[in-house]
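There are 2 protein chains.
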Amino acid sequence: MSNINDVAKEAGVSITTVSRYLNNSYPVNVNTKKAIQEAINKLNYKPNAIARGLVRKKTNTVGIIVPYITNMFFPEVVRGISDQCNAKGYDIILVNSNSDGFEEKKAVENFLERQVDGIVIIAPKIEKLPPSFYRKLNKTLPLVLVNKYFNDKDIVFIYNDERDGAFKATEYLLDLGHKNILFISGSENSYSSEVKIKGFNKALKSRGLLQKKNSEDNDNILISDYTSENTFKLIKSNMEHVRKHSAIFCANDLMAIGVIKALRSEGYEVPRDFSVMGFDDISISALYEPGISTVSQNITSLGKVSGDAIIKLISKEDVVRNQVLNTSLIIRDSCSRIKE
Amino acid sequence: MSNINDVAKEAGVSITTVSRYLNNSYPVNVNTKKAIQEAINKLNYKPNAIARGLVRKKTNTVGIIVPYITNMFFPEVVRGISDQCNAKGYDIILVNSNSDGFEEKKAVENFLERQVDGIVIIAPKIEKLPPSFYRKLNKTLPLVLVNKYFNDKDIVFIYNDERDGAFKATEYLLDLGHKNILFISGSENSYSSEVKIKGFNKALKSRGLLQKKNSEDNDNILISDYTSENTFKLIKSNMEHVRKHSAIFCANDLMAIGVIKALRSEGYEVPRDFSVMGFDDISISALYEPGISTVSQNITSLGKVSGDAIIKLISKEDVVRNQVLNTSLIIRDSCSRIKE
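Line by line, the protein sequences are chains E and C. full-length UniProt numbering puts the first residue of the first sequence at 1, with every later residue one more than the last. full-length UniProt numbering puts the first residue of the second sequence at 1, with every later residue one more than the last.
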């Protein structure tokens, strides 16, 4: 295959001139045009995206950073974004950051070097990278941050209202008569667990059930790590504490499965003895027995809306800066009314 | 941010000359060098990957085509490939083909236009696209085909030995005393189901249990669609036929879950009344109750080996043309010895 260098050499002109001719972006002398076209014909050259992009200052690529491509949640979001991008002629370059701030920063630098037209960061590591990093990036090129939020009126944030989702899930358990609800957090001080705890506490407070702020503040919160395996172990080794509660609300569905397995191994049945609630509505939650009641994050629309936003930003169209998507309760079989 | 155009304009030279200077790929006049470096300093220009790639004829990108990024199997493979690529300084451009031959072809053309350094196709649509398509592509640039195979000694194929996996799973059920085993295929005439049926039949034949080739040839095969939901319905509406068997071997784990749910809804227990075997070992299979006995596809090593192969091909190192990875039996709780 011949490339733009070969054409330029054959025609005796510079790459820039060939690009200008191909893109019709700048006047080119008629004889030069003829020479270039003859070189193109002779070499059977097919103009490529790179040569065109160099002059148009456009690469038709969108960079996506994802914390873990193997987590069941993220591929759905990537799919939604890439569908929107592909439909508009943009390709995606995907980088897995392992939820590591340093890796995320490296990926951003690489994207800038590649001159991507826009960047979407799913679950940006705002716990590690300062707001100034994202603010500066947002001034450099179109940027969309997905499923996290900090206070900034210039950056486009698109996220699920996890706080409200946790609020609704807690209200549902309260409505079933549960007064002692244990919350299983996915990690300490992570954005996603903290907003859920806020929603959880808000619901308890609205019923006058929020414990007083004292040394035993988080007596109804256990911290796990979003995995089924370690949550199983956590519950097993804290059964005495767990038994003080009638319902367990987990910050994701995988932990809910770990809880159900641990309770079963202790001779309990769900929802007969304990109600268990998840979060995310990953596909396993519908397949599991009992079907897991959970909070749907509308993953597909999260991806779709984010993909739509980055394309609009690149096209210099207006985009709402702060888009909050609704979560919804999915009621299955893992929760029941408390026995009086 | 300034780009290579700005530098060329500022220095009064062509883009090619700037690229030659940056890449040290071709002699550049000493005064020209000075002018370029001054322009770079003045504009605070950082050389970008595209400008460098144009001259080096290298973009440091690998294109990956995946049938469904949301299927639980593929993200693991993508992860393995991209880890290997990223470690060697290559980025991945990911396209979702929806398992559609036309989309796959379009993605390949796009990759060629972008001058990617190599292409990895996961589960290429060989049922739709002719071998000549892949052969021609393989002559154009480094190519790795993952988890499918046709007879060609020049193309690098990397795949799991699904046939042997199905053989081993069937032998396991036979060893438990099952003589009437029902196979649930994922689709008619697909590569992945056909190789499994070959392994299944080979095991039956080795015990003299393969039915005679006649009109009732596939009496022990039901065709589903790889989903849990439709397999549930299929089993429900074929219970009379299903009851003639004591074990059910499914071409993937999701269908095994559909089978277990359907049997339960008919009042049967697994493995007490029926043994059920899956294929793939997706994460849900360990979490489900009963834990699903299945065939592990070594997904992580499939991705790792494929990523390694494409990098070696790009670096013009030797790569074995036909790499078959071993599958292994994962024994959990969904199969038991037949009651005498």
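All C-beta atoms, glycine included, are put in the ideal place defined by N, C-alpha and C.
Whole angstroms are fine: how far does the CA of C:Leu263 sit from the CA of C:Gly278?
As a working mapping, residue 278 of chain C is identified with position 278 in the second sequence. As a working mapping, residue 263 of chain C is identified with position 263 in the second sequence. Going by C-alpha positions, C:Gly278 is about 15 Å away from C:Leu263.
For E:Glu113 and C:Ser19, what's the separation of their Cα atoms in angstroms?
In the first sequence, counting from the first residue as 1, residue 113 of chain E sits at position 113. In the second sequence, counting from the first residue as 1, residue 19 of chain C sits at position 19. Taking the straight line from one Cα to the other gives about 15 Å.
Rounded separation between C:Phe157 and C:Lys106 - CA only
Here residue 157 of chain C corresponds to residue number 157 of the second sequence, with the count starting at 1. Here residue 106 of chain C corresponds to residue number 106 of the second sequence, with the count starting at 1. Each residue's alpha carbon lies about 21 Å from the other.
Determine, using beta carbons only, whether C:Val62 and C:Val116 come nearer to each other than 8 Å.
The residue given as residue 62 of chain C occupies position 62 in the second sequence. The residue given as residue 116 of chain C occupies position 116 in the second sequence. Going by C-beta atoms, C:Val62 is nearer than 8 Å to C:Val116.
Using a Cβ-Cβ cutoff of less than 8 Å, which residues in the same chain neighbour C:Glu216 once the five nearest sequence positions on both sides are dropped?
Residue 216 of chain C sits at position 216 when you count from the first residue of the second sequence. For C:Glu216, the pLDDT reaches just 47, beneath the cut-off of 50, and the residue's location in the model is therefore unreliable, although a value from the coordinates is still provided. Contacts found: none.
For C:Pro67, return the contacting residues in chain E, with the cut-off set at a CB-CB distance below 9 Å.
By 1-based counting over the second sequence, the position of residue 67 of chain C is 67. Residues of chain E passing the Cβ test: none, with the nearest at roughly 12 Å.
Option in C:Ile65, C:Ile36 and C:Asn238 with minimal Cα separation from C:Thr17
Walking along the second sequence from the start, residue 17 of chain C turns up at place 17. Measuring from the Cα of C:Thr17, the nearest candidate turns out to be C:Ile36.
Report back the beta-carbon spacing between C:Ile331 and C:Ser293 to the nearest angstrom; my notes put them in contact at under 8 Å.
Against the second sequence, residue 331 of chain C aligns to sequence position 331. Against the second sequence, residue 293 of chain C aligns to sequence position 293. Right, the Cβ-Cβ distance comes to about 5 Å (below 8 Å), so this counts as a contact.
I'd like to know if E:Ala87 contacts chain C, where contact means its C-beta is closer than 8 Å to some C-beta of that chain.
Here residue 87 of chain E refers to the residue found at position 87 when the first sequence is read from its first residue. Interface with chain C (8 Å Cβ-Cβ cutoff): E:Ala87 is excluded.
Strictly below 7 Å CB to CB, what residues from chain C border E:Ile81?
Here residue 81 of chain E refers to the residue found at position 81 of the first sequence. Near E:Ile81 there are no residues of chain C at all, since even the closest Cβ is about 11 Å away, more than 7 Å.
Given that a residue counts as buried once 16 or more other Cβ atoms are within 10 Å of its Cβ, and exposed if not, what is C:Val320?
Residue 320 of chain C sits at position 320 when you count from the first residue of the second sequence. With fewer than 16 Cβ atoms within 10 Å of its Cβ, C:Val320 is classed as exposed.
Would a check of beta-carbon distances place E:Met72 closer than 8 Å to chain C?
Mapped onto the first sequence, residue 72 of chain E falls at position 72. At least one CB atom of chain C sits nearer than 8 Å to the CB of E:Met72.
Cα-Cα separation between C:Asp83 and E:Arg337, rounded to whole angstroms
Residue numbering aside, residue 83 of chain C sits at position 83 when the second sequence is read from its first letter. Residue numbering aside, residue 337 of chain E sits at position 337 when the first sequence is read from its first letter. Across the structure, C:Asp83 and E:Arg337 are spaced so that their CA atoms are roughly 47 Å apart.
How about E:Lys129 and E:Gly165: are their beta carbons less than 8 Å apart?
Along the first sequence, one-based indexing puts residue 129 of chain E at 129. Along the first sequence, one-based indexing puts residue 165 of chain E at 165. Looking at the sequence shown, residue 129 of chain E is not Lys but Leu. No. Outside cutoff.
Determine the direct distance from the alpha carbon of C:Ser185 to that of C:Leu174, and round the result to whole angstroms.
Taking the first residue of the second sequence as position 1, residue 174 of chain C is located at position 174. Taking the first residue of the second sequence as position 1, residue 185 of chain C is located at position 185. C:Leu174 and C:Ser185: Cα-Cα distance of roughly 19 Å.
Quick check on E:Glu216: does DSSP put it in helix, strand or coil?
Mapped onto the first sequence, residue 216 of chain E falls at position 216. At E:Glu216 the pLDDT is 47, less than 50, meaning the model places this residue with poor confidence; the figure from the coordinates comes in the next sentence. It is coil, neither helix nor strand.
Threshold first: 3 residues or longer. Then list the beta strand (DSSP E) segments lying entirely within the segment 179-233 of chain C, N to C.
Unbroken beta strand (DSSP E) runs of no fewer than 3 residues, entirely contained in the segment 179-233 of chain C, are found at 181-185 and 221-223, following chain order.
Where do the N-terminal and C-terminal ends of the alpha helix (DSSP H) with E:Tyr172 fall, by residue?
Translated into positions along the first sequence, residue 172 of chain E becomes position 172. Taken as a continuous stretch (DSSP letters only), the alpha helix (DSSP H) holding E:Tyr172 covers Glu162 to Asp175.
So for E:Met72, helix, strand or coil by DSSP?
For this step, residue 72 of chain E is matched to residue 72 along the first sequence. Correct three-state label for E:Met72: coil.
Of all the options E:Asn201, E:Ala256, E:Lys139 and E:Ser265, which has the alpha carbon lying nearest to the alpha carbon of E:Ala286?
Within the first sequence, residue 286 of chain E is the residue found at index 286, counting from 1. Minimum Cα-Cα distance from E:Ala286 among the listed residues E:Asn201, E:Ala256, E:Lys139 and E:Ser265 corresponds to E:Ala256.
Give me, in chain order, the residues of the same chain whose beta-carbon lies closer than 6 Å to that of C:Ile282; leave out the 5 immediate sequence neighbours on both sides.
Position 282 of the second sequence, counted from the start, is the residue given in the question as residue 282 of chain C. Only Met72 and Asp253 meet the Cβ criterion.
Quick one: give me the first and last residue of the alpha helix (DSSP H) that C:Asn138 is part of.
As a working note, residue 138 of chain C is residue 138 in the second sequence. Run containing C:Asn138: Pro131 to Thr140, per the alpha helix (DSSP H) assignment.
State yes or no: is the C-beta of C:Ala203 within less than 8 Å of the C-beta of C:Thr170?
Taking the second sequence and counting its residues from 1, one reaches residue 203 of chain C at position 203. Taking the second sequence and counting its residues from 1, one reaches residue 170 of chain C at position 170. If you check the CB distance, C:Ala203 and C:Thr170 come in under 8 Å.
DSSP state of C:Tyr45, grouped into three classes?
Reading the second sequence from its first residue, position 45 is the one you call residue 45 of chain C. In the three-state scheme derived from DSSP, where H, G and I count as helix and E and B as strand, C:Tyr45 is classed as coil.
State the Cα-Cα distance for the pair E:Glu194 and E:Asn322, rounded to the nearest angstrom.
For the purposes of this step, residue 194 of chain E is taken as residue 194 along the first sequence, with counting starting at 1. For the purposes of this step, residue 322 of chain E is taken as residue 322 along the first sequence, with counting starting at 1. E:Glu194 and E:Asn322: Cα-Cα distance of roughly 19 Å.
Shorter than 8 Å from the beta carbon of E:Ile235 to some beta carbon of chain C?
Translated into the one-based positions of the first sequence, residue 235 of chain E becomes position 235. Chain C, which has no Cβ nearer than 8 Å to the Cβ of E:Ile235, makes this no.
Pick from E:Glu38, E:Ser206 and E:Tyr26 that is closest to E:Asp6, judged by C-alpha positions
The residue you call residue 6 of chain E lines up with position 6 of the first sequence. When only C-alpha atoms are compared, the closest one is E:Glu38.
Quick one: which chain C residues come within Cβ less than 7 Å of E:Pro75?
The residue labelled residue 75 of chain E in the question sits at position 75 within the first sequence. The contacting residues are Ile69, Thr70 and Pro75.
Could you name the residues of chain E that C:Asn96 contacts, counting a contact when the two beta carbons are closer than 7 Å?
The residue given as residue 96 of chain C occupies position 96 in the second sequence. In chain order: Arg79 and Ser82.
Which chain C residues are close to E:Leu287, counting only those with a beta carbon under 7 Å from its beta carbon?
The count along the first sequence starts at 1 and reaches residue 287 of chain E at position 287. Within 7 Å Cβ-Cβ: Ser228, Ile257 and Ile284.
Would you say E:Asn110 reaches chain C, if we count a Cβ-Cβ gap shorter than 8 Å as a contact?
Taking the first sequence and counting its residues from 1, one reaches residue 110 of chain E at position 110. Yes, because at least one Cβ of chain C sits closer than 8 Å to the Cβ of E:Asn110.
Less than 6 Å between C-beta atoms, sequence neighbours within five positions excluded: which residues of the same chain meet that for C:Ala11?
For the purposes of this step, residue 11 of chain C is taken as residue 11 along the second sequence, with counting starting at 1. Hits under 6 Å: Ala35, Ile36 and Ala39.
When you check each C-beta in the segment 11-39 of chain E against every C-beta of chain C, which residues fall closer than 7 Å?
Answer in chain order: Ser14, Ile15 and Thr16.
Going along the chain, which residues of its own chain have a beta-carbon closer than 6 Å to the beta-carbon of E:Asp308, five neighbours each way excluded?
Taking the first residue of the first sequence as 1, we reach residue 308 of chain E at position 308. Around E:Asp308: Gln84.
Classify C:Pro142 as buried or exposed, calling it buried when 16 or more other Cβ atoms lie within 10 Å of its own Cβ.
Within the second sequence, numbered from 1, the residue matching residue 142 of chain C stands at position 142. Result: buried.
When you compare the CB of C:Ile93 with every CB in chain E, is at least one pair closer than 8 Å?
Stepping through the second sequence from its first residue, residue 93 of chain C is reached at position 93. Interface residue, yes.
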